[in-house]
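> Sequence lines, in order, name chains A and B.
First residue of the first sequence? That's 3 in our numbering, and the numbers climb one at a time after it.
First residue of the second sequence? That's 248 in our numbering, and the numbers climb one at a time after it.
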Amino acid sequence: MRPADSRSKSRLPLAFSVPKREDQHNEDSFQRSAKGVYALSDGASVSFDSASWARILVRRYTRDPEFTREWLSAAIAEFRKLYDRDSLPWMQQASFDKGSFASLLGVRIADGGRATASRRLFLSPPPRSSPRRRS
Amino acid sequence: MAYQAEISRENPTCILFVIDQSGSMDEISEAGRSKAAFVADVLNKTLYTLVTSCSKSDGVRNYFDVGVIAYAGSQVRSGFGGALSGDIVHPIHAISEHTLRVEERKKKVDDGAGGIVELKTKFPVWFDPKSEGGTPMRAALGRTIETVSGWCEQHPRSYPPTILHVTDGQSTDGAPEEMADGLRQISTKDGQALLFNLHVNTAAGLEIVFPTAEADLNDEYSRMLFRMSSPLPAHLAKFAGDKGYAITDGSRGFIFNGDPQCVVDFFEIGTRPRLVADR
């Protein structure tokens, strides 16, 4: 989309997010950086812990919007540190293995607002055993 | 239109398994296991999948009320043991907490980098195979009617109950067909209860899956189980079609002599009422 005028350089002033129902945990995340990088992630409720995964994705994208295989590996490693799979009770372990799903929409304002670059992805960390402790 | 209600914690649905544990279930099938062992295994896996579909990092959500009615000899009772044995139907949260035991099994999974790794995985067990005595199917369906009508009174807006009945033989306590007719007439505002029948049989005979007419079946008893079965509602017909089964208008939720994969699919299709609402 082409910017209409110079005001398009201004940052998004406010952002709001509400859960679908009052008693529900909000599993979506939004973050922006001072450099004009915006990230929005929609966590899928029917998955293990999409809220944490969505938070990791937007934080990492606004910090480093160069999306590569290494970028994704680092995000997955950060998510895995949150849980010790082998010590989870069976129902949580099964759900952990099924995955935590979130979409990621990333937008970069480049060239003084005359260009935007965006990425839309749907991501899940793959199940794998937690790293063994080294003695 | 029926079968449209969203499944949520306020409006859960009910899934009831009615399991024949009569003596003939100890017959060994071609795969070298007894029919009872196979049914117990599929039932454990089905419950595991149901609980997993409701589990998040902060706990198990009560999207389903689940019950098992087991019948054998002169007895009709809850198929669950221990703390769950008193009542037939329990919220899925309670079921997740009361297993007989948790075993450790190994499963192979994609490691996310093109390889396969073997993962130690905890596997819950609720049922051990049982097979003893006669086949009081009529009494079992009577108990099912009681359970389902009580549940529907308490959940008038919910997606109606689904009953998965597994049997290998002829009723030994009278004709079950009228009981099944009564059962299928119980309803919530969202539609009538669904009764699906699985006829496990080790005798020679072709596998018949989701048939549309009883003429397709060559034994009288199978024909009766066919008549006892609900037609597949549109969303389940589509799900079965997506799994590769030939489905036409009027296909009923009935399987005769299915191979193991087909039996697994019967349970999966029957326990997939709709996607849950609060996602």
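Glycine included, each C-beta is placed from N, C-alpha and C at the ideal position.
Could you tell me whether the Cβ atoms of B/Glu350 and B/Phe374 are closer together than 7 Å?
Here residue 350 of chain B refers to the residue found at position 103 when the second sequence is read from its first residue. Here residue 374 of chain B refers to the residue found at position 127 when the second sequence is read from its first residue. Contact: no.
> Give a yes or no on whether 7 Å exceeds the smallest Cβ distance from B/Ser405 to chain A.
Sequence index remark: in the second sequence, residue 405 of chain B carries index 158 (1-based). No, no contact with chain A.
> Would B/Gly497 be called buried (16 or more neighbouring beta carbons within 10 Å of its own) or exposed?
By 1-based counting over the second sequence, the position of residue 497 of chain B is 250. Under this definition B/Gly497 is an exposed residue.
> Give me the subset of the region 370-397 of chain B whose CB atoms are less than 8 Å from a CB atom of chain A, sorted by chain position.
Listed by position along the chain: Phe370 and Pro371.
> Quick one: does the C-beta of B/Val372 sit closer than 6 Å to a heavy atom of the ligand SAH?
The ligand SAH is not among the ligands present in this structure, which contains no ligands whatsoever.
> Which residue marks the beginning of the beta strand (DSSP E) containing A/Gln33, and which one marks its end?
On the first sequence, position 31 is the one that residue 33 of chain A refers to. Start and end: Ser31 to Arg34.
> Which of helix, strand or coil does DSSP assign to B/Phe327?
Taking the second sequence and counting its residues from 1, the one referred to as residue 327 of chain B is at position 80. Correct three-state label for B/Phe327: coil.
> With contact counted as at least three CB pairs below 8 Å, one residue from each stretch, are the region 473-489 of chain B and the region 503-519 of chain B in contact?
Yes: at least three Cβ pairs fall under 8 Å.
> Return helix, strand or coil for B/Gln417, following the three-state DSSP convention.
In the second sequence, counting from the first residue as 1, residue 417 of chain B sits at position 170. Note: B/Gln417 maps to coil in three-state DSSP.
> Closer than 7 Å, CB to CB, is B/Val231 near chain A or not?
Because chain B here runs from 248 to 526, residue 231 of chain B falls outside it and cannot be looked at.
> Check whether the Cβ atoms of B/Ile266 and B/Ala317 lie closer than 7 Å to each other.
Taking the first residue of the second sequence as position 1, residue 266 of chain B is located at position 19. Taking the first residue of the second sequence as position 1, residue 317 of chain B is located at position 70. In this structure, B/Ala317 lies closer than 7 Å to B/Ile266 by Cβ.
> State the DSSP-derived secondary structure class of B/Thr368, mapped to helix, strand or coil.
The residue given as residue 368 of chain B occupies position 121 in the second sequence. B/Thr368: strand per DSSP, three-state reduction.
> Taking any Cβ of chain B, which residues in the region 84-100 of chain A have a Cβ under 9 Å from it, in chain order?
Residues Leu84, Tyr85, Arg87, Asp88, Leu90, Pro91, Trp92, Met93, Gln94, Gln95, Ala96, Ser97, Phe98, Asp99 and Lys100.
> With 7 Å as the limit, tell me which residues of the region 42-59 of chain A have their beta carbon closer than that to any beta carbon of chain E; keep them in chain order.
Within the model displayed, chain E is absent; protein chains A and B are what it includes.
> Name the chain A residues whose beta carbon is nearer than 8 Å to that of B/Val313?
Against the second sequence, residue 313 of chain B aligns to sequence position 66. By Cβ distance, chain A contributes nothing, its closest Cβ being about 14 Å from B/Val313, past 8 Å.
> Between the region 298-308 of chain B and the region 323-335 of chain B, can you find at least three pairs of beta-carbon atoms closer than 8 Å?
Result no; under three Cβ-Cβ pairs closer than 8 Å.
> Strictly below 8 Å CB to CB, what residues from chain A border B/Val298?
Here residue 298 of chain B refers to the residue found at position 51 when the second sequence is read from its first residue. The contacting residues are Met93 and Ala96.
> Does the beta-carbon of A/Asp99 have 16 or more other beta-carbons within 10 angstroms, so that it is buried, or is it exposed?
If you number the first sequence from 1, residue 99 of chain A lands on position 97. Buried is the call here.
> From what residue to what residue does the alpha helix (DSSP H) around B/Lys377 run?
Translated into positions along the second sequence, residue 377 of chain B becomes position 130. It is not in any alpha helix (DSSP H) - B/Lys377 carries neither H nor E in the DSSP assignment.
> Comparing alpha-carbon positions, which option in A/Arg65, A/Ser49, A/Gly108 and A/Arg87 lies nearest A/Ser43?
Walking along the first sequence from the start, residue 43 of chain A turns up at place 41. Of A/Arg65, A/Ser49, A/Gly108 and A/Arg87, the residue nearest in Cα terms is A/Gly108.
> Answer with yes or no whether the minimum CB distance from B/Asn291 to chain A is below 7 Å.
In the second sequence, the residue the question calls residue 291 of chain B occupies position 44. Chain A, which has no Cβ nearer than 7 Å to the Cβ of B/Asn291, makes this no.
> With B/Thr299 as the anchor, note down where its alpha helix (DSSP H) starts and where it stops.
The sequence position of residue 299 of chain B within the second sequence is 52, counting from 1. That run of the alpha helix (DSSP H) goes Lys282 to Cys301.
> Are the C-beta atoms of B/Ser343 and some chain A residue less than 7 Å apart?
Indexing the second sequence from 1 puts residue 343 of chain B at position 96. Yes, its Cβ sits closer than 7 Å to a Cβ of chain A.
> How many Å lie between B/Gly416 and B/Asp463 at the Cα?
By 1-based counting over the second sequence, the position of residue 416 of chain B is 169. By 1-based counting over the second sequence, the position of residue 463 of chain B is 216. Looking at the two C-alpha atoms, the distance is approximately 19 Å.
> Helix, strand or coil for A/Lys100 per DSSP?
Your numbering for residue 100 of chain A matches position 98 in the first sequence. Three-state result, A/Lys100: helix.
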